[in-house]
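Trainee: So that we are looking at the same thing, I have put the structure below in structure tokens.
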Amino acid sequence: LAKTTQPISMDSYEGQEVNITCSHNNIATNDYITWYQQFPSQGPRFIIQGYKTKVTNEVASLFIPADRKSSTLSLPRVSLSDTAVYYCLVGERNYGQNFVFGPGTRLSVLP
Amino acid sequence: DTEVTQTPKHLVMGMTNKKSLKCEQHMGHRAMYWYKQKAKKPPELMFVYSYEKLSINESVPSRFSPECPNSSLLNLHLHALQPEDSALYLCASSQGPAEEAFFGQGTRLTVV
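Protein sequences appear in the order of chains W and R.
Heads up: the first sequence begins at 744 in this note's numbering, then just goes up one per residue.
Heads up: the second sequence begins at 861 in this note's numbering, then just goes up one per residue.
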């Protein structure tokens, strides 16, 4: 499994765009990149998944450069309710591998 | 219904007790997962069931025993646990390996 590295924590202010980068230098050809959000005492919640270039949904964008050795989760105009831990997962699309969590980034959104 | 329901929400058990955690989903998902999460740490994968068969056991001690009675239910039987097993136990399900996983709210387990 590709090892992932994320910043331990980040601070932002309401209304700003937040970019969280995940490094995965030994990502394999068949690996996908998935991001989850977790609030305290709750289960993680899927945000977005991608393989290359850019993926966008109603809550976030995922940017993946051509070499795929990193990825950036972009949250537009964050609010206080976006304060959570964000996990980057990298693995093949088979049961188990795609659901091994990295260390996570604790995002604090300040008023 | 996009819910994964876990019961109980909280559990306190002694080291000699036997208890079970229950997880249920009615989304028709064919994969179900157990995770253990300690405070301020990421969830750690314990078991994966695919089509009701155990496909992954991440070297979990035998005092944790999973069971998948049918495609909607997943149990985790607990016996002779240690205080260090106290954690949040999360259940998840997914339609397929490429699909997003849906997580339950977890069971907060305390071993005394």
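The beta carbon of each residue, even a glycine, is placed where N, CA and C say it ideally should be.
Taking a Cβ distance cut-off of 8 Å, strictly less, list which residues of the segment 786 to 816 of chain W are near chain R, in chain order.
Mentor: Hits within the stretch, in order: 786, 787, 788, 789, 792.
Trainee: Hey, is the segment 866 to 875 of chain R in contact with the segment 756 to 773 of chain W, meaning 3+ C-beta pairs nearer than 8 Å?
Mentor: No: the two stretches stay apart, fewer than three of their Cβ pairs being nearer than 8 Å.
Trainee: State the Cα-Cα distance for the pair residue 852 (chain W) and residue 828 (chain W), rounded to the nearest angstrom.
Mentor: One-based indexing of the first sequence puts residue 852 (chain W) at position 109. One-based indexing of the first sequence puts residue 828 (chain W) at position 85. The straight-line gap from Cα to Cα measures roughly 11 Å.
Trainee: Going along chain R in order, which residues have a C-beta closer than 7 Å to the C-beta of residue 750 (chain W)?
Mentor: Indexing the first sequence from 1 puts residue 750 (chain W) at position 7. Near residue 750 (chain W) there are no residues of chain R at all, since even the closest Cβ is about 14 Å away, more than 7 Å.
Trainee: Report buried or exposed for residue 891 (chain R), applying the criterion of at least 16 other Cβ atoms within 10 angstroms of its Cβ.
Mentor: On the second sequence, residue 891 (chain R) is found 31 positions in, with the first residue counted as 1. Its Cβ being crowded by 16 or more others within 10 Å, residue 891 (chain R) is buried.
Trainee: Given a cut-off of 7 Å on the beta-carbon distance, is the pair residue 908 (chain R) and residue 895 (chain R) in contact?
Mentor: By 1-based counting over the second sequence, the position of residue 908 (chain R) is 48. By 1-based counting over the second sequence, the position of residue 895 (chain R) is 35. Cβ distance not < 7 Å, so residue 908 (chain R) and residue 895 (chain R) don't count as in contact.
Trainee: Should residue 906 (chain R) be labelled buried (16 or more other beta-carbon atoms within 10 Å of its own) or exposed?
Mentor: Translated into positions along the second sequence, residue 906 (chain R) becomes position 46. By the 10 Å Cβ count, residue 906 (chain R) comes out buried.
Trainee: When the Cα atoms are used, what is the spatial distance from residue 928 (chain R) to residue 760 (chain W)?
Mentor: Here residue 928 (chain R) refers to the residue found at position 68 of the second sequence. Here residue 760 (chain W) refers to the residue found at position 17 of the first sequence. Their backbone Cα atoms lie some 43 Å apart in a straight line.
Trainee: Less than 7 Å between CB atoms is the rule here; does residue 783 (chain W) satisfy it with respect to chain R?
Mentor: Indexing the first sequence from 1 puts residue 783 (chain W) at position 40. No, its Cβ sits nowhere closer than 7 Å to a Cβ of chain R.
Trainee: Note down, in chain order, all residues in the segment 923 to 948 of chain R with a beta-carbon under 9 Å from any beta-carbon belonging to chain W.
Mentor: Here the close residues are 948.
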